[in-house]
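To start, the structure under review is shown below, and the notes come after it.
There are 2 protein chains.
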Amino acid sequence: MNKNKVEIQKQDYKHCSHDHIHYHAHGETHETCISLVPIFNHLEKEQMDEIMAVTYSVSFKKGENIYCAKDKSDSLYIVSKGKIKIYRLSESGKEQLLRILHPGDFTGELALFSETVHEEYAKAIEETSVCTIKRSELRKLLLKYPSISLKVLTEFSSRLEQSEKQATRFATEKVETRIALFLVECMDNEKQSTEVVLPMNKKDMASYLGTTPETISRKLAELEETEYIKLISNKKIKILDLDGLLSV
Amino acid sequence: MNKNKVEIQKQDYKHCSHDHIHYHAHGETHETCISLVPIFNHLEKEQMDEIMAVTYSVSFKKGENIYCAKDKSDSLYIVSKGKIKIYRLSESGKEQLLRILHPGDFTGELALFSETVHEEYAKAIEETSVCTIKRSELRKLLLKYPSISLKVLTEFSSRLEQSEKQATRFATEKVETRIALFLVECMDNEKQSTEVVLPMNKKDMASYLGTTPETISRKLAELEETEYIKLISNKKIKILDLDGLLSV
DNA sequence: TGTAAAAATTGATTTAAATCAAGGATATTA
DNA sequence: TAATATCCTTGATTTAAATCAATTTTTACA
């Protein structure tokens with residue numbers, strides 16, 4: 027473990043750079059932010075104003091970390107622009123992509139509600155703006171407007187569902203199946219079309235699906251071999267046989 | 027997939043028996059129940075009474091299901107006595123043990139807050155009593171007493187942390203490491219002692235750790251070989267070298 | 001736009017763990 | 001307490017996927 031611990035510390039360092047954080051004055055980008063997110067957008071105008079008063083807008087350049095494992099960060103971060111990837115480092119130092127946040131999604135709740143140290147990292151993968159609310163301010167809001175809690179609970183609940191589903195897949199399905207299910211879920215978003223645009227590169231996809239880029243390459247080639255899919259370009263795949271894909 | 031679908035339906039049937047449900051009058055076992063759980067036990071006496079008024083106590087025999095995947099169950103279940111195992115069936119019909127609930131733990135929240143169908147089963151693994159609250163009643167309570175929401179949020183948050191940690195382990199660690207970490211976490215509970223009492227049989231442990239009973243047997247034998255642990259009896263293991271175990 | 005860096009593919013090989021099979025140990029309950 | 005069923009262990013074999021290595025393709029950016 028000693029060797030691994032050193033490894034992790036190196037990784038921590040590599041993974042966590044807090045340079046160049048840009049704070050904005052109130053009321054710049056975060057009006058949109060509050061009215062955008064499901065957890066707040068059901069409120070009355072004056073209530074939103076109240077929230078905006080305790081919210082700060084912060085922007086990050088591509089590659090910068092919003093927070094890192096073991097950070098004593100005590101804020102909730104709501105994405106208003108850009109994309110953030112949330113990942114973990116395993117005990118052995120491997121990177122595991124958990125999810126990618128888009129405008130309207132939030133993160134930072136682990137630091138808000140649980141006391142334990144965690145191993146989660148958040149990194150901007152493009153030019154990104156977030157609204158932040160401090161732990162104490164958020165707790166005040168949750169107590170004052172209980173309907174916000176219900177929204178956050180709903181969001182947590184679907185995240186929990188998602189995470190448990192993913193864990194079950196890692197534990198019980200082989201890589202080919204996980205890839206097939208991933209493709210199907212990518213398709214669901216943009217209904218009607220049978221053409222899937224991969225939301226990330228193959229390296230990240232491998233990390234998300236708990237495998238390697240080599241295996242992704244090979245399995246996709248196999249799926250093309252059996253004519254379940256057709257590889258159009260690097261990021262585009264046409265689904266030829268959905269039932270076939272689901273039977274993998 | 028057709029073959030698998032049939033498989034799953036068979037499993038559903040096998041996994042779900044709703045016979046012999048025993049309702050109790052109010053106020054029997056569930057006084058203890060409300061005052062027991064973290065999400066309610068911080069409230070005033072009269073508030074607890076209010077909750078008890080909308081709570082029913084139900085008991086289950088060993089092997090009976092509290093709920094099953096796709097059930098339109100709309101209640102929260104709080105364990106007051108016994109043990110419940112929560113598990114999923116994978117797309118291919120394999121059982122995956124998610125967690126075991128003890129008195130004070132609750133379940134059923136997926137049905138309460140998220141709309142999606144899910145694949146989660148809850149089964150009593152011994153004589154068990156639960157308190158149930160209907161979705162609509164719980165929502166009323168959450169809106170009336172916002173501090174309950176904060177407690178539930180805290181619980182969700184730690185479950186989410188746990189689930190993501192587990193998913194990362196499945197995706198990035200080999201079986202031997204997962205077993206070693208499991209043993210260490212079993213030890214944490216009963217501090218001071220280096221003797222671990224396994225909380226489940228090896229078959230369930232395999233299902234929980236995403237492997238097979240054969241592999242569990244072999245890996246434990248290997249860990250004994252290297253003198254990191256000593257197998258005392260079927261359910262008892264002595265930790266000889268904690269650092270060694272963590273370095274696996 | 002050209003060049004360097006990063007990502008993706010393909011092949012050969014190794015490795016971890018599942019599966020199959022059979023005997024032995026524990027539990028359950030009649 | 002005997003009998004049956006379930007669970008656990010150990011061995012032999014197979015299989016899926018990781019790793020290592022070498023190109024090729026794509027992307028980033030100077």
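Residue numbers (the working numbering), protein chains in the order written: chain A, 27 to 274; chain B, 27 to 274. All C-beta atoms, glycine included, are put in the ideal place defined by N, C-alpha and C. Given the structure is predicted, the values throughout are model-derived calculations rather than measurements.
Supposed close pair residue i, residue j - CB separation, criterion 8 Å
i, j, result
"A:Tyr82", "A:Tyr113", "About 25 Å; that fails the 8 Å criterion."
"B:Ser118", "A:Glu199", "6 Å"
"B:Ser173", "B:His68", "7 Å"
"B:Glu121", "B:Ser243", "Going by Cβ atoms, the distance from B:Glu121 to B:Ser243 rounds to 19 Å, so no, they are not a contact pair."
"B:Ile92", "B:Ile151", "The pair is not a contact, with the Cβ atoms about 11 Å apart (cut-off 8 Å)."
"A:Leu167", "B:Arg165", "Wrong, their Cβ atoms sit about 19 Å apart, outside the cutoff."
"B:Ala206", "B:Leu249", "7 Å"
"B:Glu145", "B:Leu115", "6 Å"
"B:Ile255", "B:Leu272", "Not a contact, Cβ separation roughly 12 Å."
Beta-bridge pairing of residue i - partner residues as DSSP gives them
i, result
"B:Tyr93", "B:Ala148"
"A:Ser11", "The requested residue 11 of chain A is not part of the displayed model; chain A covers only 27 to 274."
"A:Lys166", "A:Lys166 pairs with nothing; no bridge assigned."
"A:Leu257", "A:Ile263"
"A:Lys160", "A:Ser101"
Element boundaries [alpha helix (DSSP H), containing residue i]
i, result
"A:Gln218", "No alpha helix (DSSP H) contains A:Gln218, which DSSP labels as neither H nor E."
"A:Leu246", "239-251"
"A:Pro172", "172-198"
"A:Ser233", "228-235"
The beta strand (DSSP E) enclosing residue i, as first and last residue numbers
i, result
"B:Leu266", "Where B:Leu266 is concerned, there is no enclosing beta strand (DSSP E), given that its DSSP letter is neither H nor E."
Short Cβ contact (8 Å threshold) for residue i with residue j
i, j, result
"A:Thr154", "A:Gly89", "no"
"B:Ser140", "A:Thr180", "yes"
"B:Thr241", "B:Val201", "yes"
"A:Leu186", "B:Phe182", "yes"
"B:Tyr275", "B:Gly134", "Here chain B comprises residues numbered 27 to 274, so residue 275 of chain B is not present and cannot be evaluated."
"A:Val222", "A:Leu209", "yes"
"A:Lys160", "A:Asp97", "no"
"B:Val105", "B:Val156", "yes"
"A:Leu13", "A:Leu246", "Look at the range of chain A in this structure, 27 to 274, and you will see that residue 13 of chain A is not part of it."
"B:Phe132", "B:Val63", "yes"
"A:Met74", "A:Ser85", "no"
"B:Phe66", "A:Ala197", "no"
"B:Thr220", "B:Val274", "no"
"B:Ile126", "B:Pro239", "no"
_Please give the ranges of any alpha helix (DSSP H) in the segment 63-146 of chain A, keeping only runs that are unbroken, at least 4 residues long and fully inside the region._
Counting only runs of 4+ residues, the alpha helix (DSSP H) found wholly inside the segment 63-146 of chain A occupies 71-78, 135-139, in chain order.
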